[in-house]
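In what follows, a single structure is set out as structure tokens and then discussed.
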């Protein structure tokens, strides 16, 4: 499958929210509250939220599309700056760093190479910020994501707690030096 990765534009906010609504629930651990998932989708991953993200100079949002259909295959979001979470700040050793805040691929893109193409573009974009590393948090139960990130050079360096509503989730903190 051919994949084009490009910077997301303000006009993409609704499309990004649609992709997020499909992909975020897929990354949540089994047993997660559907109410908590829906709250994240309608707030943190809403069209308005993506409009704010795209207007924020500290964020880089990339969109992966299938040129044959012009359909969205996935997106990633980088956030420049030191980690605010004390556990992450202690675990991430290379500075300056950039957070890989979001990385999601639609189900039809799984197994096609779309995720690897998006990851390569995301790592390039992280390097273009001047960062010496990229880090992310991923749920400890998300074996598929953990295998994918390891394949792309991200190594486990620590843990953090991520709140999904009122439900604290255990994440691994992964880091890749650029």
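Numbering (my numbering), first residue to last: -19 to 158. All residues carry an ideal CB built from backbone N, CA and C; glycine is no exception. Since we're looking at a predicted model, the values are computed, not measured.
Rounded to the nearest angstrom, what separates residue 76 and residue 156 at their Cα positions? Roughly 12 Å separates the two Cα atoms.
Nearest-angstrom Cβ-Cβ length linking residue 133 and residue 98, presumed shorter than 8 Å: Wrong, their Cβ atoms sit about 15 Å apart, outside the cutoff.
I'd like the list of long-range same chain contacts for residue 62, defined as Cβ closer than 8 Å, with 5 residues on each side in sequence excluded. 69, 75, 76 and 77
Within 10 angstroms of its Cβ, does residue 89 collect 16 or more other Cβ (buried), or is it exposed? buried
Assuming the contact rule is C-beta atoms closer than 8 Å, residue 25 and residue -8 should be a hit. Round their C-beta distance to whole Å, please. Between residue -8 and residue 25 the Cβ distance is about 13 Å, and since that is not below 8 Å, they are no contact.
For residue 14, count neighbouring Cβ atoms within 10 angstroms of its own Cβ and tell me buried if that reaches 16, exposed if not. exposed
Under 6 Å Cβ to Cβ from residue 109, same chain only, skipping five residues before and after it: list those, please. 60 and 78
Pairwise C-alpha distance: residue -11 and residue 33: 10 Å
Just to confirm, are residue 83 and residue 117 a CB contact at a threshold of 8 Å? no
Do you know how far the Cα of residue 4 is from the Cα of residue 160? As displayed, the chain neither begins before -19 nor continues past 158, which places residue 160 out of reach and without an answer.
When 126, 145, -17 and 1 are compared against residue 154, the one with the closest alpha-carbon: 126
Which of helix, strand or coil DSSP assigns to residue 111: coil
Are the CB atoms of residue 16 and residue 144 nearer to each other than 8 Å? For residue 16 and residue 144, yes; Cβs fall inside 8 Å.
Express the C-alpha separation of residue 124 and residue 150 in angstroms, rounding to a whole number. 16 Å
With burial defined as no fewer than 16 other Cβ atoms inside 10 Å of the residue's Cβ, what is the status of residue 93: buried or exposed? exposed
Selected residue, minimal CA-CA separation from residue 160, among 67, 121, 20 and 107: Outside the displayed span of the chain (-19 to 158) sits residue 160, for which this structure offers no information.
Assuming residue 58 and residue 81 are in contact, meaning their beta carbons sit under 8 Å apart, how far apart are those beta carbons, in whole angstroms? 7 Å
Going by DSSP, which residues form a beta bridge with residue 119? 151
First and last residue of the beta strand (DSSP E) that includes residue 75? First-last for residue 75: undefined, no H or E at that position.
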